[in-house]
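Notes follow once the structure below has been shown.
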Amino acid sequence: MKYQRPRGTRDILPSEIDIWQKIEKTCREIFELFNYREIRPPIFESTDLFSRSIGKETDIVSKEMYTFHDRSNRSLTLRPEATAPVVRAIIEDNLLQQNQQLKLYYQGPMFRYERQQAGRYRQFHQIGVEIFGSNNPLVDAEIIYMASKIFNKLNLNDLVININSVGDKNCRPNYINELKRYFEKNQRQVCHDCTKRLETNPLRILDCKNPTCQNVVKLAPKLKDSLCNECKMHFNRVISSLSKLNVNYQINDQLVRGLDYYTRTTFEVVSNQLGAQNAVCGGGRYDDLVEELGGKSTPATGFAIGLERVVEVMQKMSLQRGEDQGVKEIDLFIAAMGEEAQMIGFELLTKIREKGLTADQDYLGKSLKAQMKAADHLAAKYVYIIGEEELVKKTAILRNMKTAEQKEVAFDKLSEELHGLAN
RNA sequence: GCGGCCUUGGUGUAGAGGUAACACAGCAGAUUGUGGUUCUGUUAUCAGGGGUUCAAUUCCCCUAGGUCGCCCCA
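Mapped onto my numbering, the consecutive letters of the first sequence carry residue numbers 2 to 424.
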């Protein structure tokens with residue numbers, strides 16, 4: 002094969018597009034209910050934007066970015082996530098007025114240069130929200146509630162919401178120091194990766210999957226014990242609000258996310274239907290990012306849903322329920338024999354479509370038998386058969402494909418007749 | 001960036017060191033103007049390159065791709 006899709010990319014095929022559109026539609030509907038408006042930043046941005054916001058030492062920035070130079074030698078990067086572009090946009094386009102809250106959502110492809118595996122692609126799609134301007138814990142609760150609402154509406158009920166607080170710029174540095182001291186004492190017992198993490202991102206040691214590291218982590222100082230009072234209060238308000246809304250969640254004090262900009266609340270929705278890459282949604286609060294990128298100090302929070310993974314869970318669920326992916330049925334198929342008949346069919350089709358009925362015909366010049374077969378595969382409700390005799394009479398045969406009844410219907414009566422039958 | 005497994009027609013699968021089997025789909029016909037059943041015919045040189053061999057698609061190596069993990073993340 003001469004051309005292949007680039008590694009880590011996928012073609013989303015017509016056979017699976019229904020499920021994609023259903024998810025997208027559900028998300029949009031719910032976002033609009035909560036008064037979020039869509040924003041569409043570009044697919045690539047200046048490289049600095051990502052390295053400043055996500056963090057130079059993170060995996061995303063240090064080894065996963067699609068970075069290139071354009072013809073004027075600007076360093077650009079295909080967005081690995083959309084929060085930084087959205088923040089850039091609200092600053093640049095002045096969307097944030099004083100003392101206002103701003104609610105946005107976005108949707109589209111993201112790019113990370115990673116080795117592909119189940120649920121992980123180099124081009125993948127996210128749909129997400131960001132809300133700016135408020136540090137109220139109710140905001141955190143609102144977006145988490147909104148995420149759970151989306152998954153409920155999609156009938157995905159075996160998901161678990163993990164939630165944690167990673168502190169803020171006041172209390173987190175103290176904790177990190179404490180953690181560093183602890184792990185330096187126990188360095189020999191942690192894995193190679195964790196020794197490196199001690200320098201780059203000590204928090205990540207907390208959710209290392211290596212069992213020996215886990216043993217060391219068990220006795221490590223707890224993040225929640227070193228949160229400052231404000232952070233503690235904030236977190237408690239978030240979870241009590243969620244409880245009030247009957248959202249099921251699990252506090253996971255080892256949940257640390259890989260992007261540097263998170264403060265206080267972080268959360269992740271995971272599915273047990275997936276392989277190692279089991280997070281279908283992740284997000285949290287990022288109160289310092291807007292200022293860091295040059296805007297006024299503005300608290301913010303948001304999440305992103307990974308569409309490929311949601312699609313995968315939904316496909317698995319519908320298989321388990323024994324649903325078939327279903328052919329889309331059409332109202333009418335015109336089987337025409339000969340060029341002249343085909344032309345008549347062509348004209349009739351436009352009238353029928355104007356009535357809002359789905360209709361099609363064969364352009365390959367197949368035999369009648371083959372056209373009937375095609376109609377059958379398209380699950381056509383009716384077939385209108387136009388041959389040479391019919392051309393003279395200006396009347397052709399309308400066949401009901403379910404009952405096999407057929408009757409003569411004049412060309413100029415066809416759309417009325419069908420319209421009547423459809424209702 | 002690291003590791004395991006895999007790569008045969010449109011799809012899903014067999015197979016053996018000596019030049020490929022089955023199912024489904026597709027197309028054509030049996031039924032020269034009618035579908036969903038049945039029957040018949042037809043559709044590949046086994047990812048690409050190199051090596052071993054009288055001979056490889058089957059053995060070895062490399063490359064590409066797939067897949068599942070590690071890391072990390074949606």
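Note that the Cβ used here is the ideal one computed from N, Cα and C, for glycine as well.
### Task
Kindly indicate which residue of 248, 395, 167 has the alpha-carbon position closest to the one of residue 415.
395
### Query
In its own chain, which residues sit with a C-beta less than 7 Å from the C-beta of residue 139, not counting the 5 before and 5 after it?
Excluding residues within five positions, the ones whose Cβ falls inside 7 Å are 242.
### Task
Count the other C-beta atoms from every protein chain shown that fall within 10 angstroms of the C-beta of residue 126, then say buried if there are 16 or more, exposed otherwise.
buried
### Where residue 4 falls: helix, strand or coil (DSSP)
Correct three-state label for residue 4: coil.
### Task
Assign residue 153 to one of three DSSP states: helix, strand, or coil.
Correct three-state label for residue 153: helix.
### Query
Nearest-angstrom Cα distance between residue 223 and residue 198?
17 Å
### Task
Measure the beta-carbon distance from residue 132 to residue 144 and round it to whole angstroms, keeping in mind my assumption that it falls under 8 Å.
7 Å
### Task
Could you please give the first and the last residue of the uninterrupted alpha helix (DSSP H) stretch that includes residue 316?
308 to 321
### Task
Can you tell me which of 365, 333, 90, 296 puts its alpha carbon nearest to the alpha carbon of residue 398?
333
### Message
Give me the DSSP bridge partner(s) of residue 383.
### Response
333, 401
### Query
Counting Cβ pairs closer than 8 Å, one from the segment 146 to 164 and one from the segment 28 to 44, do we hit at least three?
yes
### Query
From residue 166 to residue 239, what does the alpha carbon distance come to, in whole angstroms?
Residue 166 and residue 239 have their alpha carbons spaced roughly 10 Å apart.
### Query
Does the distance from the CB of residue 393 to the CB of residue 157 come in under 8 Å?
no
### Message
Give me, in chain order, the residues of the same chain whose beta-carbon lies closer than 6 Å to that of residue 154; leave out the 5 immediate sequence neighbours on both sides.
### Response
27
### Task
Check whether the segment 287 to 301 touches the segment 85 to 99, taking contact to mean three or more Cβ pairs, one atom from each stretch, closer than 8 Å.
yes
### Query
According to DSSP, is residue 406 helix, strand or coil?
coil
### Query
With distances taken between CB atoms, is the gap from residue 336 to residue 350 smaller than 8 Å?
no
### Task
Please classify residue 236: is it buried, with 16 or more other beta-carbons within 10 angstroms of its beta-carbon, or exposed?
buried
### Task
Tell me whether residue 147 sits in a helix, a strand or coil according to DSSP, three-state version.
helix
### Query
What is the DSSP secondary structure of residue 270, reduced to helix, strand or coil?
Residue 270 falls in the strand class under three-state DSSP.
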